[in-house]
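Notes follow once the structure below has been shown.
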Amino acid sequence: MTPESTSPESIELVADEQTVELEKLQTPSGERVIIRGSSAEIRVDALALESLTWQEPSFFEALTGVPHEEDQRVIDESGELRLSNEYTVVTIRLLEADAGPRIALASPKLGYACRLSPIELDTIAQQETGFFSDLLETPLGPEDDHHHGVH
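If you want it as structure tokens, here you go:
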């Protein structure tokens with residue numbers, strides 16, 4: 001259950017028999033991250049990733065059917081990807097936490113952050129791009145808490 005930084009432009013999380021890779025990609029229309037899960041992959045931009053940072057733990061639990069473990073002690077930290085566009089910047093850091101590898105996804109501009117497990121990332125990789133459009137209905141974070149600190 002060790003996180004691995006496979007190259008300066010990719011991060012791999014391995015937990016039990018679950019492997020997920022995040023790879024930064026430069027396209028003609030800007031930077032993307034490919035999230036590769038066990039059976040699917042999705043390409044997302046910084047704004048789509050940012051929309052995950054303000055979601056409540058119950059959102060991730062409903063998505064995966066497993067408890068979302070946000071507040072864990074970090075044992076080790078390695079590897080970082082930075083993704084940006086004209087609207088935002090998102091950082092993706094690789095963590096080894098008490099419950100296994102996680103990524104720390106942060107939006108410094110808005111002050112929101114979350115930690116995602118391999119199973120959560122694998123489930124996100126299986127979504128259609130419309131999934132992120134729904135999350136972006138509140139593009140500045142939760143409607144009741146715009147710009148009020150790290151969450």
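Mapping of the sequence shown onto the numbering used here: position 78 corresponds to residue 78, and the numbering continues sequentially without gaps.
Positions of the beta carbon are idealized from the N, C-alpha and C atoms, including for glycine.
Entirely enclosed beta strand (DSSP E) segments - the stretch 51 to 77, minimum 3 residues: none
Where do the ends of the alpha helix (DSSP H) carrying residue 118 lie? Within the sequence shown, residue 118 is the residue found at index 118, counting from 1. Segment 118 to 125, the alpha helix (DSSP H) holding residue 118.
Inspect the CB distances between the stretch 57 to 73 and the stretch 26 to 44 and report whether three or more fall short of 8 Å. no
If you compare alpha carbons, which of 119, 92, 110 is closest to residue 24? The residue labelled residue 24 in the question sits at position 24 within the sequence shown. When only C-alpha atoms are compared, the closest one is 92.
Can you give me the C-alpha to C-alpha distance between residue 147 and residue 18, rounded to a whole angstrom? To locate residue 147, count along the sequence shown from 1; it is residue 147. To locate residue 18, count along the sequence shown from 1; it is residue 18. Here the model assigns residue 147 a pLDDT of 47, short of 50, so the residue's position is not dependable, and the following value carries that caveat. Cα to Cα, the separation comes out at about 35 Å.
Give, in chain order, every unbroken run of the beta strand (DSSP E) that is at least 3 residues long and sits entirely within the stretch 15 to 51. 18 to 27, 30 to 36, 41 to 44
Integer-rounded CB distance, given that residue 134 should sit under 8 Å from residue 85: Position 85 of the sequence shown, counting from 1, holds the residue named residue 85. Position 134 of the sequence shown, counting from 1, holds the residue named residue 134. Not really, about 19 Å apart at Cβ, beyond 8 Å.
Could you give the distance in angstroms between the alpha-carbon of residue 95 and the alpha-carbon of residue 75? What you label residue 95 is simply residue 95 of the sequence shown in a count that begins at 1. What you label residue 75 is simply residue 75 of the sequence shown in a count that begins at 1. Approximately 8 Å, taken between the alpha carbons.
So residue 50 packs on residue 110, CB below 8 Å; how close in whole Å? Position 50 of the sequence shown holds residue 50. Position 110 of the sequence shown holds residue 110. Going by Cβ atoms, the distance from residue 50 to residue 110 rounds to 7 Å, so yes, they are a contact pair.
6 Å CB neighbourhood of residue 13 in its chain, flanking five on each side removed: Indexing the sequence shown from 1 puts residue 13 at position 13. These residues qualify, in order along the chain: 3, 20, 101, 118.
DSSP three-state call for residue 130: helix, strand or coil? As a first step, residue 130 is located in the sequence shown; it is residue number 130 there, counting from the start. In this structure, residue 130 counts as helix in the three-state DSSP scheme.
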